[in-house]
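Using my numbering, the final residue of the sequence shown is 373, and nothing's skipped along the way.
Ideal placement from N, C-alpha and C gives every residue a C-beta, glycine not left out.
Some notes on the structure that comes next.
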Amino acid sequence: MSGSRAPGRGVRHLYVHLPFCAHRCGYCDFVTLVGRGGEHDAYVDALLAELALERRRLAPRVETVFLGGGTPTFTQPEALERLLAALPDADEVTVEANPETVTPALARLLSRNRVNRVSLGAQTFHTSLLSVLERRCGPDDVRRAMHTLRDAGFDNISLDLLYGIPGQTAADLDADIESALSLAPEHVSYYELEAKPGTRFTHAHGEELARQAEAMEGYFERVVEALVGAGYRWYETANFCRAAREARHNLGYWLGRDYLGVGIGAVSTLGLERRRNAPKLAGYVSALARGQAPPREVETLDEETKRRERLMLGLRLDRPLPLASVGAAVEPTALARAERLGLAERRGASLVLTPRGRFLGGAVTAELMA
Ligand SMILES: C[S@@+](CC[C@H](N)C(=O)[O-])C[C@H]1O[C@@H](n2cnc3c(N)ncnc32)[C@H](O)[C@@H]1O
Ligand code: SF4
């Protein structure tokens, strides 16, 4: 698989960060800003200015556009529509949405602006667990949002769910999976809740988080078993899809392709260059208003780092990873051992983890790395 841009063809994956949220959930570690309704328009101006500066890097036909957040659907509708209308056309255009923001008017706005995939942050269907997460929506909001999107014609909807929430039991998890399946999403992302040390959330739920950590492996197996049993393809460690409904944008990351990210905190990988825009809104907006690139860090990756990243990400997928693309990053004796233990297998000139290897995930990949 060719990792980077084909010469002269340009970048095919565009990420656009919309940081605004109605409030900040305790467990969240993304670049977000609460409220700021008066600044959404200026932020969209800056996003479009950054995109204009970078446009030459994009392929004539972009494959995927992903609007992530934050809560993109919390952005003022006029500003969101102006942004969507100005983005390049693409085969897959995804918008992340919080259930309580999904109204028939929003669904129409998305639909008339070429959005053809919505990623809905459900997290759990238990009211008590939603309040532990400090979410603003209830379980019925998720169901209502799903129906509203279906009524507007969306046929590619993903649900984000979490396991390992403080207070969650295995029975709660089973019930969540059942509720999610009853909505028949085309795609499910099921993440292990990560709690950063030193945050208010970790402080509040410390002991319970430690108990959940013990149960994670079992939860993960339950999730995979139930979703695979229901006919979903476990195509990436935390992602499941109906036939041909992989998240094409994320697949671009996992396959080691180049992507352009615009907005505060957005990351881009362009060949051997990795850029991270600074997370501050004021500096971002003012630099772009002056026609300058936003404040950012730029790192030059070496080929070895690229190969190791490619290995780490590639082995999360169910599709075989061509060994030629990771070269010396794989340690031959470690590979032979993993094969003997039934954790990895070679298929021709490619490598794939077995289901057992995929459950152990990162630990196997770390072993394999030279
Ligand atoms: C950019 S986030 C937020 C999107 C949207 N604002 C929401 O809250 O649903 C995308 C997804 O990342 C996941 N996520 C957020 N924080 C997480 C954490 N601490 N650990 C694991 N997954 C997390 C959630 O499932 C969330 O839906
Ligand atoms: S709504 Fe989503 S992005 Fe915003 S704070 Fe909550 S989890 Fe983070």
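Rounded to whole angstroms, what is the Cα-Cα separation between Leu54 and Ala269?
Between Leu54 and Ala269, the C-alpha separation is close to 12 Å.
Determine which residues share a DSSP beta bridge with Met219 and list them.
Met219 pairs with nothing; no bridge assigned.
Mark Leu346 as exposed unless 16 or more other C-beta atoms lie within 10 angstroms of its C-beta, in which case mark it buried.
Looking at its Cβ environment, which holds 16 or more other Cβ atoms inside 10 Å, Leu346 is buried.
Any heavy atom of ligand 2 closer than 7 Å to the CB of Asn116?
No, since every heavy atom of ligand 2 falls outside the 7 Å radius drawn around the Cβ of Asn116.
Rounded to a whole number of angstroms, what is the C-alpha to C-alpha distance between Phe362 and Ala369?
Taking the straight line joining both Cα atoms gives about 14 Å.
With three or more C-beta pairs closer than 8 Å as the rule, is the segment 89-101 touching the segment 66-74?
With a cut-off of 8 Å, the segment 89-101 and the segment 66-74 count as touching, because enough Cβ pairs lie within range.
Is the beta carbon of Ile180 less than 8 Å from the beta carbon of Val227?
Cβ distance not < 8 Å, so Ile180 and Val227 don't count as in contact.
I believe Asn101 touches Thr130 by the beta-carbon criterion, under 8 Å. Please report the beta-carbon distance rounded to the nearest angstrom.
Not quite, the Cβ-Cβ distance comes to about 16 Å (not below 8 Å), so this is no contact.
Pick helix, strand or coil for Leu354, following the three-state DSSP scheme.
Leu354 falls in the strand class under three-state DSSP.
Would the beta-carbon of Arg359 be found less than 7 Å away from any heavy atom of ligand 2?
No, since every heavy atom of ligand 2 falls outside the 7 Å radius drawn around the Cβ of Arg359.
Would you tell me roughly how many angstroms separate the C-alpha atoms of Asp321 and Gly41, rounded to the nearest one?
Going from the Cα of Asp321 to the Cα of Gly41 covers about 45 Å.
Find out if the Cβ-Cβ distance for the pair Arg15, Ala88 is shorter than 8 Å.
Cβ distance not < 8 Å, so Arg15 and Ala88 don't count as in contact.
Rounded to whole angstroms, what's the CA-CA distance from Ala331 to Ala373? Just pull it up for me.
Their backbone Cα atoms lie some 7 Å apart in a straight line.
For Arg115, name the three-state secondary structure that DSSP assigns.
Looking at Arg115 - three-state DSSP - the assignment turns out to be helix.
Pull up the CB-CB distance for Leu123 and Ile160, whole angstroms please, since I reckon it's below 8 Å.
The Cβ separation is near 6 Å, so the contact holds.
Could you name the residues of the same chain whose beta carbon sits closer than 6 Å to that of Val329, not counting the 5 residues immediately before and after it, in chain order?
Cβ within range, chain order: Arg310, Arg313, Leu314.
Here's a check: name, in chain order, each residue in its chain whose Cβ is nearer than 6 Å to the Cβ of Glu211, leaving out the five neighbours to either side.
Cβ within range, chain order: Pro169.
Could you check if Cys140 belongs to the surroundings of ligand 2, using beta carbon to heavy atom distance under 7 Å?
Cys140: no, Cβ never under 7 Å from ligand 2.
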